[in-house]
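A.B. asks: Once you know that position 228 of the sequence shown is 228 in UniProt numbering, the rest is easy, because the numbers rise by one and skip nothing. Where is the CB? At the ideal position from N, CA and C, for every residue including glycine. Note that this is a predicted model, so its numbers are computed, not measured. Take this structure first; my questions come after.
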Amino acid sequence: MNLPFDITLSLSFARPWILAFLVLPAMLFFWVWTRRGARLALPFDHQYGDPKKLPGRRARGRALGFFLKLAESVPALLAVIAILLLAGPQRVGAPKTKRKLTNIQFCVDVSGSMTASYGEGTRYDAAMEAINGFLDFREGDAFGLTFFGNNVLHWVPLTSDTSAFRCAPPFMDPKRGTMPPWFGGTAIGKALKACRDVLITREEGDRMIILISDGQSPDLYGGQDQEIADMMREAGISVYGIHVASGGIPGEVVNIASISGGEVFEAGDPVALETVFKRIDEMQVAELEKVAGEQLDAFGPWCWLGLGALGLFALFGFFLRATPW
C-alpha cells in the first residue's frame with residue numbers, strides 16, 4: 001500500500017525550543033481527566049450518587065463519562081500537533097551517491113606557433129574545440145582555463161559552469177594579432193606553477209592539469225622539470241601533456257607527467273587530438289561517493305494526524321458532548 005507520505009514520524013525539529021509549549025496541552029489533559037463533577041450545578045444533581053452509600057440515588061454512567069473525557073481531550077491533542085508543526089519536524093533523507101569531483105585546469109599555449117595549420121584550422125582552434133568536446137565527457141567536474149606564452153593569464157576560474165569555455169576561443173586566438181608581446185614565447189614551467197597555485201586552493205576532489213602546447217620551454221631546463229614534477233606530486237596533481245606538433249615531445253614534459261602520475265600524448269592532427277582527450281577521460285575514471293542524507297521537512301505525517309484528530313473532534317460534536325440538560 002502506497003501512502004502519500006513517509007509513515008515514519010520524525011523526532012527531529014528545526015526549532016526545538018517551541019516544544020516547551022507542550023506543557024500547555026499537557027496541563028489541559030491533566031485537568032480534563034482529574035476534575036470532578038460537572039461544570040454546572042443543576043437541580044437534579046441530587047439524584048446521582050453512589051447507591052451503596054446513598055440508597056435511592058442513581059450511579060452516574062462511568063462508560064459515558066470516560067468517552068466524554070476522551071472527546072474533551074481532542075482539543076488538547078490538536079494543540080500538541082499544532083506545536084509540533086510550528087517546531088518544524090524534520091527527517092533524514094536517504095543517503096545519495098554522487099560523482100566525486102575532479103578539478104581540471106586546462107593550460108593552453110597561445111604563442112605564435114599555435115597559429116600553424118592543423119587540419120582545417122590552426123593548432124589553437126583544434127585545441128579549443130577538443131576542450132569543449134571534453135567538457136561533455138566530464139559533466140559534474142570543475143574546470144578552469146589558463147592561457148600562457150611568456151606570461152600567464154587565468155581566463156576562467158575553476159567552475160562547474162562551462163558556458164565561459166564556449167565563449168573563450170575568439171578572445172585569445174593568437175592569429176588575430178592582438179596578443180601582447182609578452183605572450184609570444186613558451187614558458188611551460190611558469191604556467192604549470194601558476195596552475196598548481198590555483199588547484200591547491202581547492203580542498204575537495206582530485207586535481208588534474210591538461211597541458212596543450214607545441215614547443216620547447218627553456219624554463220624547464222637545468223633540473224627545473226624535476227623540481228616542478230616534485231611540486232605536482234606533493235600537491236596530488238596529475239599532469240597530462242598533449243603535444244600538438246609533428247616534432248618530438250619535450251623530454252622535460254614527459255618527465256613531469258610521469259612523475260606526477262599523468263601521461264603525455266602526441267596528437268598530429270585534430271582526429272588524434274580528440275582521441276587523446278577520450279583516452280584521458282578513460283584514464284581518469286570518475287569515482288562515486290556516498291554522501292549522508294540531508295535534513296528534509298516532515299510535515300506530512302503530522303498534518304494527516306491533525307486532520308484525523310480534527311475530523312474526530314467534529315464527529316464527537318454531533319453526539320458525544322457534555323450538556324447541562
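Starting from residue 301, follow the alpha helix (DSSP H) in both directions and report where the run begins and ends.
C.D. replies: That run of the alpha helix (DSSP H) goes 299–319.
A.B. asks: For residue 208, count the other beta carbons within 10 Å of its own beta carbon; 16 or more makes it buried, fewer makes it exposed. Which is it?
C.D. replies: It counts as buried.
A.B. asks: Among 115, 103, 92, 87, which one has its Cα closest to the Cα of residue 202?
C.D. replies: Comparing Cα-Cα distances from residue 202 to each of 115, 103, 92, 87, the minimum goes to 103.
A.B. asks: Please say whether residue 155 and residue 148 have beta carbons closer to each other than 8 Å?
C.D. replies: Result no, Cβ atoms of residue 148 and residue 155 do not sit closer than 8 Å.
A.B. asks: Report the start-end ranges of each beta strand (DSSP E) in the region 138–190 that is 3 residues or longer and not cut off at the edges.
C.D. replies: Fully enclosed beta strand (DSSP E) runs of 3 or longer: 142–148, 152–159.
A.B. asks: In the DSSP assignment, the alpha helix (DSSP H) including residue 202 goes from what residue to what residue?
C.D. replies: Premise fails: residue 202 is in no alpha helix (DSSP H) and is neither H nor E.
A.B. asks: Grouping DSSP H, G and I as helix and E and B as strand, with all else coil, what is residue 249?
C.D. replies: Three-state DSSP puts residue 249 in coil, outside helix and strand.
A.B. asks: Just mark residue 34 as buried or exposed, buried being the case when its beta carbon has 16 or more other beta carbons within 10 Å.
C.D. replies: Looking at its Cβ environment, which holds fewer than 16 other Cβ atoms inside 10 Å, residue 34 is exposed.
A.B. asks: Taking residue 72 and residue 23 to be in contact with their CB atoms under 8 Å, please state how far apart those CB atoms are, rounded to whole angstroms.
C.D. replies: Rounded, the Cβ-Cβ distance is 19 Å, inconsistent with contact.
A.B. asks: Measure the CB-CB distance between residue 280 and residue 240 and report whether it falls below 8 Å.
C.D. replies: Contact: yes.
A.B. asks: Measure the alpha-carbon distance for residue 288 versus residue 235 and round it to whole angstroms.
C.D. replies: Low confidence applies to residue 288: its pLDDT is 49, below 50, so where it sits in the model is not reliable enough to give any reading.
A.B. asks: Answer with buried or exposed for residue 109, where buried requires no fewer than 16 other C-beta atoms within 10 angstroms of its C-beta.
C.D. replies: Counting Cβ neighbours within 10 Å, residue 109 comes out buried, since at least 16 surround it.
A.B. asks: Round the Cβ separation of residue 211 and residue 253 to the nearest angstrom and send it over; I've been treating them as touching at under 8 Å.
C.D. replies: With 8 Å as the limit, residue 211 and residue 253 qualify as a contact, their Cβ atoms being about 7 Å apart.
A.B. asks: Could you check what DSSP says for residue 44 in three-state terms: helix, strand or coil?
C.D. replies: In this prediction, residue 44 has a pLDDT of 48, which is less than 50 and means its spatial position is unreliable; nothing more can be read from the coordinates.
A.B. asks: Identify whether residue 208 lies in helix, strand or coil by the three-state DSSP scheme.
C.D. replies: Three-state DSSP puts residue 208 in a strand.
A.B. asks: Sort out for me which residues DSSP pairs residue 92 with in a bridge.
C.D. replies: DSSP, once it has assigned bridges, lists 295 as partnering residue 92.
A.B. asks: DSSP on residue 269, reduced to helix/strand/coil?
C.D. replies: Here residue 269 sits in coil by DSSP.
A.B. asks: What number of angstroms, rounded off, separates the C-alpha of residue 44 from the C-alpha of residue 19?
C.D. replies: With a pLDDT of only 48 at residue 44, under 50, the local geometry of the prediction cannot be trusted, and the value read off the model is given with reservation. Their backbone Cα atoms lie some 44 Å apart in a straight line.
A.B. asks: With H, G and I counted as helix, E and B as strand and the rest as coil, what does DSSP make of residue 110?
C.D. replies: Coil, per DSSP.
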